[in-house]
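Protein chains in written order, with this note's numbering: chain A, 1 to 275; chain B, 1 to 275. Structure first, then comments.
This is the structure:
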């Protein structure tokens, strides 16, 4: 099954464009879980139990796991094993290196940990991205325009009439022989979403920045979806994981995930004729 | 001691601008070492014993260690503990993420693993780099122009009269309040080295691409050094690590490291008045 097929199937089955970012910070999880051998996995397991029917993807930011060294690595591995096979997993790893190094990263994240997709940084160009693109079953989300303040420093530099991030998208689309390229596009500026969607009509778009970072759910749906109302992946992390800091954290996460899925779907219903 | 002070001291003491890249590939090391619990560390230990008096830095490319999962992580940790404290260690990790994620990466590479410096990817801008810049004792090598073919895709895009990579260097120099920013500049094009050295007269430059990738040692020295003939870090990896695939790999590595150090120093003697 190709990556896009799997993504579209779970979006349809769970009626959801919601992605939960498992940015699991040991300092923020309930203290009762810290006694476990793998606290991050214990926390994730409960979040997954509470939300797996409400999401299309889980995104795992490797920074939070690498920060716990060998133990974090094991938590990442156990979390990936625990996520139901129908749900898409994205390794938010933002790698990119010369060919033989990118090959290593592709091996660890795709073969060893079995992520369905990863995020990659385009700065080093085609041969740094190519090792991730080898299998149509594995998606590759290239950073286009991110949701942080520093996005303006380089991503919004102008070449003639185009921003650098638009040049990244149009160039990367030429590498898309396996049709497994997607893009990371922050939700903070609707113009960015429209522009990337126009350049890549059928690509999955991973959209961070709604909620805490001020992005707008309506425009993420309206401009991020393909023409059928799919293939936008709207990510929320902290607002769901830490909806409660008490023992009820998992049920609080479920309530917030339900709320956000419904908000997304109400806009989908408005802008798209869903089958 | 600031990062630049430590670098300059070891360059003077070992009379060397040579950096050995410990891109240790389990498939390429002598099979006798594979029986050890941590084969990568066992290999590195022998390389370090054979070369520590000939180098200014060891660079560890995390891709090769992450590919071995928990075991690779342990090898990386043991290798860092084994390198003599006077020699500079560079984590070639090419990270860069939104602030709270970059903080995690800075923590793991600087606090947990104790690297003296890391490489970072500038694409996400200032707040993605800032968490790495907090201590003047830790160096941060920002990718400017890399030595791989894909460098042309984006790094050489032109804004007016400037390449993107030149814009990266001039912008990053404004973030250099702690004077701990350096740049990665491939050795494959002398013009690149001249341009970056002009924009950043006192910054350490990490220069990959001599040897296998066709970069020229003369121009790496001539244009990469500061005005006193220091602060260029000339990296070689495979040509030294795998100078022999036999049991004599460590002594073969020493011979190749000696040869390259002398080649570098002969050009230094020609272009700089060394004290």
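Just so you know, even glycine gets a beta-carbon here, dropped at the ideal spot from N, CA and C. Note that this is a predicted model, so its numbers are computed, not measured.
Inside the segment 211 to 244 of chain A, DSSP marks whole alpha helix (DSSP H) runs of 4 or more residues at positions 217 to 224 and 238 to 241, from first to last along the chain.
In the structure shown, the three-state DSSP call for residue 92(A) is strand. In this structure, DSSP gives residue 264(A) a helical state, which the three-state scheme calls helix. DSSP places residue 14(A) outside any alpha helix (DSSP H), giving it a letter other than H or E. DSSP, reduced to helix, strand and coil, places residue 162(A) within a strand of the structure shown. Assigned with DSSP and collapsed to three states, residue 59(A) falls in strand. Here residue 206(B) is actually not in contact with residue 178(B); their C-beta atoms are around 18 angstroms apart, not less than 8 angstroms.
Residue 117(B) carries a strand assignment under DSSP once its states are collapsed to helix, strand and coil. The beta carbon of residue 254(A) sits no closer than 8 angstroms to any beta carbon of chain B. Sequence-distant partners of residue 271(B) (beyond 5 residues in either direction) whose C-beta falls short of 8 angstroms from its own C-beta, in its chain, are 221, 222, 225 and 229. Pairwise C-beta distances place the segment 154 to 168 of chain A in contact with the segment 150 to 161 of chain B, as three or more of them are shorter than 8 angstroms. With a beta-carbon spacing of about 4 angstroms, residue 65(B) and residue 72(B) fall inside the 8 angstroms limit used to define contacts. Using a CB distance cut-off of 8 angstroms, residue 124(A) counts as an interface residue toward chain B. The beta carbon of residue 244(B) lies closer than 7 angstroms to those of 252 in the same chain, with the five residues before and after it left out. Bridge pairing for residue 141(A): 119(A) and 182(A) [DSSP].
Within chain A, the residues 69 have their CB atoms less than 7 angstroms from the CB of residue 112(B), given in chain order. At a Cβ-Cβ threshold of 8 angstroms, residue 88(B) and residue 144(B) do not count as neighbours. In the three-state reduction of the DSSP assignment, residue 47(B) falls in the helix class. Chain B has a Cβ within less than 8 angstroms of the Cβ of residue 168(A). Counting only Cβ-Cβ distances below 8 angstroms, residue 155(B) has contacts in chain A at 123, 124 and 125, in chain order. Per DSSP, residue 193(B) is one residue of the alpha helix (DSSP H) stretching across 190 to 199. Counting of Cβ neighbours within 10 angstroms places residue 126(B) among the buried residues, the total reaching 16 or more.
Of all residues in the segment 52 to 82 of chain A, the ones placed with a Cβ closer than 7 angstroms to any Cβ belonging to chain B are 61, 63, 64, 66, 67, 69, 70, 73 and 74, in chain order. Rounded to whole angstroms, residue 97(A) and residue 174(B) show a C-alpha spacing of 25 angstroms. Interface annotation, residue 192(B): not in contact with chain A, CB-CB separation never under 8 angstroms. Rounded to the nearest whole angstrom, the CA to CA distance from residue 268(A) to residue 61(A) is 27 angstroms. Taking the Cβ atoms as the reference, residue 52(A) lies roughly 5 angstroms from residue 84(A), within the contact range of under 8 angstroms. The three-state secondary structure of residue 255(A), taken from DSSP, is helix. With its beta carbon at least 8 angstroms from every one in chain A, residue 219(B) lies outside the interface. It is roughly 7 angstroms from the alpha-carbon of residue 238(A) to the alpha-carbon of residue 23(A). A check of alpha carbon separations from residue 43(B) across 249(B), 260(B) and 254(B) identifies 249(B) as the nearest. At a C-beta separation below 8 angstroms, residue 105(A) has these neighbours in chain B: 63, 66 and 67. Sequence-distant Cβ neighbours of residue 113(A) in its own chain, meaning closer than 8 angstroms and more than five residues away, are 76, 77, 80 and 91. Pairing residue 140(B) with residue 180(B) gives a Cβ-Cβ distance under 8 angstroms.
Between residue 122(A) and residue 142(A), the CB-CB gap stays under 8 angstroms. In the three-state reduction of the DSSP assignment, residue 108(B) falls in the helix class.
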